[in-house]
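Mapping of the first sequence onto the numbering used here: residues 1 to 457, in sequence order.
Think of the CB as a built atom: it goes at the ideal place given N, C-alpha and C, for glycine as much as any other residue.
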Amino acid sequence: MNLNIYNTATRKKEIFEPQEPDTVKMYVCGPTVYNLVHIGNARPVVVFDTLFRILRYLYKDVVYARNITDIDDKIMKAAAENGEQISVLAARYAAEYDRDMAQLNALQPSIVPYATEHVGQMIAMTEKLVSKGHAYAAQGHVLFAVKSMADYGRLSNRSLDDMLDGARVEVAPYKKYAGDFVLWKPSAENEPGWDSPWGRGRPGWHLECSAMIETHLGNTIDIHGGGRDLVFPHHENELAQSECAHGGETYVRYWMHNGYVNIDGEKMSKSLGNFRTVRELLKKYSGEVIRFALLSAQYRSELDFSADLLEQSKSSLDSLYGALAKISEEQVPEPSLLESSAGFKALLDDLNTPMAVSELHQLAKQINKADDVKEVLQAKALMLALGDLMGVLQEDPETWFKGDSSEDSAWIEELIAARQQAKVDKQYARADEIREELNAKGIVLEDSKDGTTWRKA
RNA sequence: GGCGCGAUAGCAAAGCGGUUAUGCACUGGAUUGCAAAUCCACGUAGGCCGGUUCGACUCCGGCUCGCGCCUCCA
Numbered sequence: 001m002n003l004n005i006y007n008t009a010t011r012k013k014e015i016f017e018p019q020e021p022d023t024v025k026m027y028v029c030g031p032t033v034y035n036l037v038h039i040g041n042a043r044p045v046v047v048f049d050t051l052f053r054i055l056r057y058l059y060k061d062v063v064y065a066r067n068i069t070d071i072d073d074k075i076m077k078a079a080a081e082n083g084e085q086i087s088v089l090a091a092r093y094a095a096e097y098d099r100d101m102a103q104l105n106a107l108q109p110s111i112v113p114y115a116t117e118h119v120g121q122m123i124a125m126t127e128k129l130v131s132k133g134h135a136y137a138a139q140g141h142v143l144f145a146v147k148s149m150a151d152y153g154r155l156s157n158r159s160l161d162d163m164l165d166g167a168r169v170e171v172a173p174y175k176k177y178a179g180d181f182v183l184w185k186p187s188a189e190n191e192p193g194w195d196s197p198w199g200r201g202r203p204g205w206h207l208e209c210s211a212m213i214e215t216h217l218g219n220t221i222d223i224h225g226g227g228r229d230l231v232f233p234h235h236e237n238e239l240a241q242s243e244c245a246h247g248g249e250t251y252v253r254y255w256m257h258n259g260y261v262n263i264d265g266e267k268m269s270k271s272l273g274n275f276r277t278v279r280e281l282l283k284k285y286s287g288e289v290i291r292f293a294l295l296s297a298q299y300r301s302e303l304d305f306s307a308d309l310l311e312q313s314k315s316s317l318d319s320l321y322g323a324l325a326k327i328s329e330e331q332v333p334e335p336s337l338l339e340s341s342a343g344f345k346a347l348l349d350d351l352n353t354p355m356a357v358s359e360l361h362q363l364a365k366q367i368n369k370a371d372d373v374k375e376v377l378q379a380k381a382l383m384l385a386l387g388d389l390m391g392v393l394q395e396d397p398e399t400w401f402k403g404d405s406s407e408d409s410a411w412i413e414e415l416i417a418a419r420q421q422a423k424v425d426k427q428y429a430r431a432d433e434i435r436e437e438l439n440a441k442g443i444v445l446e447d448s449k450d451g452t453t454w455r456k457a
C-alpha cells in the first residue's frame, strides 16, 4: 500500500516515504491576493487538497501549509489604483479566496502563513546568504548570486547558459550576473517597506516561501507543490536560497507540479486575460461540480476548461448521487475494503483521479442493479469513502437534488398533490400541465411506485 | 536557440504488449398514463511513416501538428 508520487526533481514516479515516519510536511504555494482567483489558481488547491486527504488517511500527522502572499508589486499597484491600504486590500482578497476555496470543498490547511508576518525571518535568511557569499548588496538591492551554487538549475533541468540564451528581459544594471535574482529590493517613500540592513525595502518574491517553510516546517520538507509555471523561476530560486542558507541540506524531498488549466487549448492566465474566475463559475455551478471537473483529468496533464466539461461533470455527479439516494442506511467501510479497491489504489498511484472516478461509477451501477442488500451497502460505503478522499459526494443526496431551500418547497408539494389528484381522476392533460409548469421553473418530477418526488434540473 | 509536455472514439479521460476502461451525449429496447430515473443493447478509438515482436494504442526511431517554460503567473 505505497503512495507513488511523480517527483519533478527526478522526473520519475517514486514511492513516497516521509522523512519521519508517521509525519508528513507539505507546503503548497498559495495566492497573491490582489483580485479574485481564477479556475487555474483553483486547480492546485483542489489537487493538493486531495493529496492532503489521502495523506491524512495514510499518516498520523500531516502538516499542510499554504501561504498567502500579501506583499507584492501587483498588490501595491491594485491598492494604489483604488486608493486603498495594501493591508486592507490584501485582507479582503484573502477572505474572498478562503470563501471560494471552501466552496470547492478544500479543507483548511494546518497552517496559513502570511508573508508580511515573516519579514524578520526573510531578512535573517538574506543576511545569512550574504555572509556565506551566496548573495551581495548593490544599490539598495540584495541579489542572490546564482553562480555561487554549483547545481543551480537542477530542478528545472536547465543550465545557466541555456537560460540566458532565451532571456527576454533586460538585465538590471545592479546585477553582477544576468541570472541573479532579487532577495530584497528598496522601497520608495510612498511604498510599503521594512527597515533592513540595506535600508528600507521589501522582499523579493521567492524569499517568502523559503522563510515560511523554515519557520513553520523546518529545513527539509517532504512535499512542495504548486502549478507547473512555478518550477522556474520560483521553485528553482526557493531551492537555491534555502539550500545555500542551510549548508546544502535538502530543501524538498518530493516536488509536485500540476498541469495548466487551458481555455481553447491555451494556458489560462491573468496576463493573457483569458481567465474565468471561480466566483463567476460558482454562480452557475456548485463548487462540487467545479471540483469534480478539476479532478476529471490526472493532475499533471493539461485540462481544457469549458462549459461542456462542467455540464458533463454535473451529469456525472447527478448519476452518482442518484445511486446514493437509493439507500438510506449508511455504514462505515472496512479499511480492508477501501484499501483493496481499485479506486484507492488508483489514488495512491500519483493521484489517478480519473480512474478512481471510474470506480465510483461502477459502484453506482452496482447499487442501481441492487440484488444483494449487503453488497449494496458495501458499495455505498465504498463510494462515500472514496468520495471523501477526493472531496466529493459528501453532501446529503436530498440536498444535492433539492438544494437547501426546504422552506420554499411547500408550493412544489402542493402542485405535486394537485397533480396526484388529477392522475387519480384520469385528468392526464391537467397532470402534464403541472409537470410542464414545474419544468419551466427548473423542477423535475419523478414518479415511482412509492409516489412522486422532485429535484432541481 | 535551450529544456519539456502532449496527440485515444461526437466530447471528456484512463489502464494495458494479446482479454469490455469509465463517464457524458446520441440511437434502439424494457419500464412509465406521459415523463424522469434506472436497466439492457449499441462505438475494432488510439496523428502519420517505419522498426522490434507470434502479436503494439501500449516499446524504439523519424515526421507532422499543438502546447508550455526560459519574464509576472497556479
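| Check | Outcome |
| --- | --- |
| G442 and K456 closer than 7 Å at C-beta | yes |
| Segment contact flag, the region 76–87 with the region 135–147, C-beta cutoff 8 Å, min 3 pairs | no |
| Where Y114 sits in the DSSP three-state scheme | strand |
| Backbone secondary structure at W411 - three-state DSSP | helix |
| Given P233 as reference, the closest of K449, Y254, L207 and A297 once Cα atoms are compared | L207 |
| Beta-carbon separation (whole angstroms), V28 vs P18, contact threshold 8 Å | Contact doesn't hold; Cβ gap of about 16 Å is too wide. |
| Reduced DSSP category for E61 - H, G, I as helix; E, B as strand; rest coil | The sequence shown places Asp at residue 61, rather than the Glu named in the question. Note: D61 maps to strand in three-state DSSP. |
| Span separating the alpha-carbon of I221 from that of L337 | 32 Å |
| Contact belief for N262 with F305 at Cβ below 8 Å, rounded distance in angstroms | 7 Å |
| C-alpha distance - Q394 paired with W400, whole-angstrom precision | 10 Å |
| L386 and A356 closer than 7 Å at C-beta | yes |
| The region 37–54 in contact with the region 89–107 per 3-pair CB rule at 8 Å | yes |
| S448, enclosing beta strand (DSSP E) - first and last residue | I443 to S448 |
| For D200, the three-state DSSP class (helix, strand or coil) | As written in the sequence, residue 200 is Arg, which differs from the Asp given in the question. Note: R200 maps to coil in three-state DSSP. |
| Range covered by the alpha helix (DSSP H) that runs through A102 | I86 to Q103 |
| Separation of F181 from S210, as counted between CA atoms | 14 Å |
| CA-to-CA distance, K426 to Y97, given in whole angstroms | 54 Å |
| Neighbourhood of G452 by C-beta distance below 6 Å, restricted to the same chain and skipping five residues each side | Per the sequence shown, the amino acid found at residue 452 is Thr instead of Gly. I416 and L445. |
| Buried versus exposed call for K369 [16 or more other C-beta atoms within 10 Å across all chains shown] | exposed |
| Which residues DSSP lists as bridging R53, in chain order | Answer by DSSP bridge pairing: none, since R53 is not bridged. |
| Local conformation of W400 per DSSP, three classes | helix |
| Delimiting residues of the alpha helix (DSSP H) encompassing A440 | Y428 to A440 |
| The region 312–323 touching the region 282–295, judged by at least three CB pairs closer than 8 Å | yes |
| Residue closest to R460, alpha-carbon to alpha-carbon, out of T10, S110 and M122 | Here the chain has residues from 1 to 457 only, and residue 460 is not among them. |
| First and last residue of the uninterrupted beta strand (DSSP E) at K456 | G451 to K456 |
| DSSP state of A211 mapped onto helix, strand, coil | helix |
| Presumed contact (8 Å Cβ cut-off) between H224 and W255, rounded CB distance | 6 Å |
| Span of the beta strand (DSSP E), counted from its first residue to its last, around G226 | I221 to G227 |
| N- and C-terminal bounds of the beta strand (DSSP E) containing V392 | No beta strand (DSSP E) contains V392, which DSSP labels as neither H nor E. |
| When L317, M390 and L309 are compared against Y57, the one with the closest alpha-carbon | M390 |
| Residue burial classification, N439 (beta-carbon count within 10 angstroms, cutoff 16) | exposed |
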